[in-house]
Structures are given as structure tokens and as C-alpha cells.
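Engineer: Following our numbering, the numbering of the sequence shown begins with -2 at its first residue and continues without gaps.
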Amino acid sequence: MQPRIPRQSADEPRPGPRADGDAGPSDELAAVVSGARRRAVRDGDQQIDTAHLLHSLLEQDPEARGVFGDGAGLARLLGYLVQRSIGYGLRWQGSVEDSGAPPPAPEAEGYSPLAARAMEHARERAAGRGAGPAHGIDLLAAIAAEPRARAVEVLGHAGIEAEAVLARIEELSAQSGSSSR
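And the structure:
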């Protein structure tokens, strides 16, 4: 069976402004998505899910990784994410990560329904604060806010509560003097 994840060619244009005036993802978020796509293909998964996105966020985005600090919790979390491809996540293969909400937009092909909604919520979060394109921290907040996300399940196994992640994002946002960055 061929993966349904669209391949990204080297000469494929970078995501840019959408028809609705949205600026699209930032360069850093585009790199996160690219990493998640490679991980999903390598793992033999049908779609990019929220755990792929979380793993790529932790690898690619220092601000998102900083939400977790440098302690044992981050190490446990990375350990669970690495184990996904060697057994931990095998129970997810062949299933679709979904919350039961209406299907995402057609432009979200290659993403699980929850991952597509998280990407959309990240764009909405960035637009809501007038900050231009969505960043990794926006995606992390969107993922952590979805209790049925595989990434939230992984967080729980690592002993990290999604609510604590959201609170930390807001704390860091307040310290930086903006609502999320």
C-alpha cells in the first residue's frame, strides 16, 4: 500500500499566502511540517499525525522545545517519540487520528483530521494576535489543546500534562510581552 502523504519535491513552491489572506506557515513551521512528513513516511504511516508534528517541533523549534525545559520530562518525552517507530506507535498504524469533528479542508490531504485541525488552529492563533504567519509555538498550543490527539497521549505517557504545556506557553508569552510569542 502506498502512503497517502503527498511527497514534497525540491522545486515545490514554499507555502505562501492563501486565498483568504492568511500568510501561511512561517519558515520554521514549514521545516517542522517537512520533518513530520519525512518521519511519517519513514514510519510507514498513512498520514502525518499530531505525534509526528510534536516530534518534529521538538527537533526543529527551540522555542517549542523550551516549553518543556531541559529536564527529565523532555528526555522521557523524546524517548516515547523515538520509540514510536520501533513499537510504541505500531498500534496506531492503519488507524486514523480523529476527534469525530467535521472533516478538515481538502487542502489538508496527507494529514490526519486532528493534525489538519491543529495546523488550522495554529494559523488562527497567529492571526488572532496579528502576528503574521503561524509559528511552532502556535502549533504546539493547538496540539496540546486537543485532548484526543496522539501527541497528548504521548505527553501523558511521559508524565507531562497538556494543560501544563498550555499554561507554560501562556506564561512564556506573557514574559515576552505578547499574547503568544
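Think of the CB as a built atom: it goes at the ideal place given N, C-alpha and C, for glycine as much as any other residue.
Taking the straight line between their C-alpha atoms, what separation do you get for L74 and E121?
Structural biologist: 27 Å
Engineer: Tell me whether P22 sits in a helix, a strand or coil according to DSSP, three-state version.
Structural biologist: strand
Engineer: So the alpha helix (DSSP H) R126 belongs to, where does it begin and stop?
Structural biologist: Annotation: R126 is outside any alpha helix (DSSP H) and is labelled neither H nor E by DSSP.
Engineer: Have a look at D58, Q44, H52, S173 and flag the residue whose alpha-carbon is nearest the alpha-carbon of A131.
Structural biologist: D58
Engineer: Between the alpha carbons of E25 and L50, how many angstroms are there, rounded?
Structural biologist: 12 Å
Engineer: Kindly indicate which residue of V38, L55, P22, S170 has the alpha-carbon position closest to the one of L152.
Structural biologist: Taking the Cα of L152 as reference, the smallest distance to any Cα among V38, L55, P22, S170 is reached at L55.
Engineer: In this structure, what does DSSP give as the bridge partners for I45?
Structural biologist: Y108
Engineer: Under a Cβ-count criterion, where at least 16 other Cβ atoms within 10 Å of its own Cβ denotes burial, should A141 be classed as buried or exposed?
Structural biologist: buried
Engineer: Measuring straight from C-alpha to C-alpha, what distance separates A161 and Q43?
Structural biologist: Cα-Cα distance, rounded: 30 Å.
Engineer: Buried or exposed: which applies to V30, given that a residue is buried once 16 or more other Cβ atoms fall within 10 Å of its Cβ?
Structural biologist: buried
Engineer: Can you say whether A33 is buried or exposed, counting buried as having 16 or more other CB atoms within 10 angstroms of its CB?
Structural biologist: Around the CB of A33, 16 or more other CB atoms lie within 10 Å, so the residue is classed as buried.
Engineer: Applying the 10 Å Cβ sphere with the 16-neighbour rule, what's the burial state of R39?
Structural biologist: exposed
Engineer: Do you know offhand how far R35's Cα is from G70's?
Structural biologist: 25 Å
Engineer: Would you list the residues sitting across from A131 in a DSSP beta bridge?
Structural biologist: P22
Engineer: Assuming V149 is part of the alpha helix (DSSP H), what are its boundary residues?
Structural biologist: 147 to 154
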